[in-house]
Amino acid sequence: MRIILSLILVFSLFSNAQNNYPQDYFSSPLEIPLVLAGTFAELRSNHFHSGVDIKTQQRVGLKVKAVADGFVSRIKVSHYGYGKALYITHPNGYTSVYAHLQKFSPDIEAFIKKQQYEQESYEIELFPKAEDLPLLKDSLVAYSGNTGSSGGPHLHFEIRDKEERPINPMLFGMDIKDTTYPTVKSIYAYPLDDHSFINKSNTKQKLRLTALKNGDYTTENIEAFGNIGFAVNTIDRQDLAANSNGVYNIQTFINGNRNFEIDFGRFSFDETKHINQLIDYEHFTTEKQRIQKLFKKNNPLSLYKSVLNDGVIKVEDSTYSVYKIRVADFKNNESWITVHIKGSKQSITKPKEKRITPYYIKANQATNLKAGNVTVDFYKDTFYEDFFLDFEVKNDTLKLHKDIKPTKKNFNITYDVSRFTNEDKNKLYIAKLIGYKNYPAYTSTKRKGDLLTASTKKLGTFALTMDTISPKISAVNFKDKQWLSKYRYLKIKITDEGSGISNFRASINGKWILMEYEYKKNMLTYDFNDSIITDTKNNLKVIVTDNVGNNSTFETFFYRK
């Protein structure tokens, strides 16, 4: 039975990959063998990974090439996120994306810097016309790097369709060596209502998992009754890398009939937020493990394919069922998990603990909460389900449940700060308290009169916090009044201990200069090749401002011929 199922699934997936997308249109974006550090749509914090992360041999500066003819249609340079990113639109309607770049090719770099100096901003977003920056296939467009929110040198590469939906690049013929089966780390079973149970318990159960010699898995037998579901923690590894990557397809079968499938081939950015409903979010925030639910509950993700009864298994008394899970990577290496389920209606010995509070949140209604000087506004459809909320305000600290409930959208927290002086009001912000030490992390805060408002998507503990400490600025590779004729770069370190750095401005002899900000190293860097300097004696001035308006000024002289 398993062999027949596997052959059908392999043929179906292979045909789908080959027929829907051009196979020989795009070339490789790098000149080295492709090894992945991250796969498409794998589970990340608050989003699905929208491309593939290609290893660059632990270094920066590798040549990045256009994968097909086209033109540069978008350029975005930012401190965080993609860092330096390039978008190329191709005649066949697809767009390729290259991110975390070190720098662009000379023509593109000149085009960008001209606009950065005109706008006096390092962060910039441009939409060139088709005739501005045309490109031929395999032409140099950039050099690989580690900019933005990158954890190490690599090239983030995407292919998007006309609707800006990211698609797995491997569907276009990108070939990655992979003969390795996916790994299943754990499996959980869930009673899905008050009248269902597993092994006499109404709570989630971690099942004992046994690896078989052929690469498959089996679990302990379970006794169950009612509506139940399952979730797995699974990863995939390619042959040439040890990274724990995401899988491509998961299907489940009950007594030989398919009842659930999720396929990580394409998604849209506006639905990526629903990842927190796909995983067991409470398990993730408490255990730091992403276990993926194999049942659909109030989740509109387009990644779901064949889903029967929302993937829920209805177990009746005195029955026997075989539940199978198929986990596969793009090359159809597959691992199967088998669970034997005996239907048995017995009394529950471990009921689910129910916590009741005065605050009941209905997901389809707006909710306003107020206590002391704090107001919380939840909009309609902020949450996926109804629940009892913990809400308490004490000494400017707001305890707003635990961060165990996923949200669809932001909600607002507002503090009345009328009791503070005007000077102090300007130094206040709303912080989320993180970790057992309650470290205050700045939450984007706006002030209107006596009201401070923060917008966030996460529950937790918040506090009204004051920041009176200005940022620190120091020279890294030079000293005051030093000759810098042979220097290529000026480097300045900037840090802030409170609300965090908001913006900076640097000038030489009163002229704005472009300083690249690498937040992971707290470093500002100026390239003398920008050719702004014409004088021998030069006055460098750097002003750094934090998120509540504290600022510091660093000023020095240097000489250069």
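All letters in the sequence shown, in the order written, are residues -17 to -1, 1 to 544 by mature numbering (1 follows the signal peptide of the UniProt record, and there is no 0). From the three backbone atoms N, C-alpha and C, an ideal C-beta is built for every residue, glycine too.
query	result
Own chain residues within Cβ distance below 7 Å of Asp433, not counting five before or after	Asp399, Val400, Ser401
8 Å contact criterion, which Ser169 and Asn216 should meet: CB distance rounded	4 Å
Where Tyr138 falls, given that 16 or more other Cβ within 10 Å makes a residue buried	Residue identity check: residue 138 is Leu in the sequence provided, not Tyr. Counting Cβ neighbours within 10 Å, Leu138 comes out buried, since at least 16 surround it.
Of the residues Tyr470, Ile515, Lys455, Tyr164, the one placed nearest Asn526, counting alpha carbons only	According to the sequence shown, residue 526 is Ile rather than Asn. Answer by Cα proximity: Lys455.
Environment of Ser457 [buried if 16+ CB atoms lie within 10 Å]	exposed
For Pro334, three-class secondary structure by DSSP	coil
Strand pairing of Tyr367, partner residues [DSSP]	According to DSSP, which records beta bridges pairwise, Tyr367 is partnered with nothing at all.
Selection from Leu467, Leu277, Leu523 that minimises the alpha carbon distance to residue 552	Coverage of the chain is limited to positions -17 through 544, which leaves residue 552 absent and any answer about it impossible.
Rounded C-alpha distance that separates Asn512 from Asp463	21 Å
Residue interval of the alpha helix (DSSP H) (run including Glu92)	89 to 102
Anticipated Cβ contact below 8 Å, Gly76 with Lys145, distance rounded	5 Å
C-alpha distance - Tyr65 paired with Asp300, whole-angstrom precision	53 Å
Rounded C-alpha distance that separates Lys280 from Val295	9 Å
Closest by C-alpha distance to Ser10, when choosing among Phe140, Pro89, Tyr100	Phe140
Residue closest to Arg220, alpha-carbon to alpha-carbon, out of Val167, Glu254, Thr268, Gln234	Val167
Start-end ranges of the beta strand (DSSP E) lying completely within the stretch 348 to 434, minimum 3 residues	350 to 354, 357 to 361, 370 to 372, 374 to 377, 380 to 383, 394 to 399, 411 to 417, 422 to 426, 428 to 431
For Leu261 and Lys276, believed in contact at Cβ under 8 Å, the rounded distance	6 Å
Touch test, the stretch 334 to 347 against the stretch 401 to 417, Cβ-Cβ under 8 Å, three pairs minimum	no
Of the listed residues Phe250, Thr321, Lys112, nearest to Arg191 (C-alpha basis)	Thr321
Whole-angstrom distance between Lys363 and Leu383, CA atom to CA atom	18 Å
Buried versus exposed call for residue 545 [16 or more other C-beta atoms within 10 Å across all chains shown]	Lying outside -17 to 544, the shown extent of the chain, residue 545 is not represented and no answer is given.
Between the CA atoms of Ile245 and residue 552 - distance to the nearest angstrom	Since the displayed the chain opens at -17 and closes at 544, residue 552 lies outside it and no answer follows.
Met506 (DSSP reduced to helix, strand or coil)	strand
Candidates Met449, Asn351, Leu118, of which the one nearest Thr380 by Cα	Met449
Bridge partners - Asp219, DSSP secondary structure assignment	Asn228
Boundaries (first-last residue) of the beta strand (DSSP E) holding His137	137 to 143
Cα-Cα separation between Leu(-11) and Lys314, rounded to whole angstroms	Confidence at Leu(-11) is low in this model, with a pLDDT of 37, below 50, so the placement of that residue is unreliable and no value is reported for it.
Collapsed DSSP secondary structure at His30 in the structure displayed	strand
Minimum length 4: unbroken alpha helix (DSSP H) runs contained in the stretch 234 to 261	258 to 261
8 Å Cβ cutoff met for Asp52 and Pro74	yes
CB of Tyr472 within 8 Å of CB of Phe487, strictly	no
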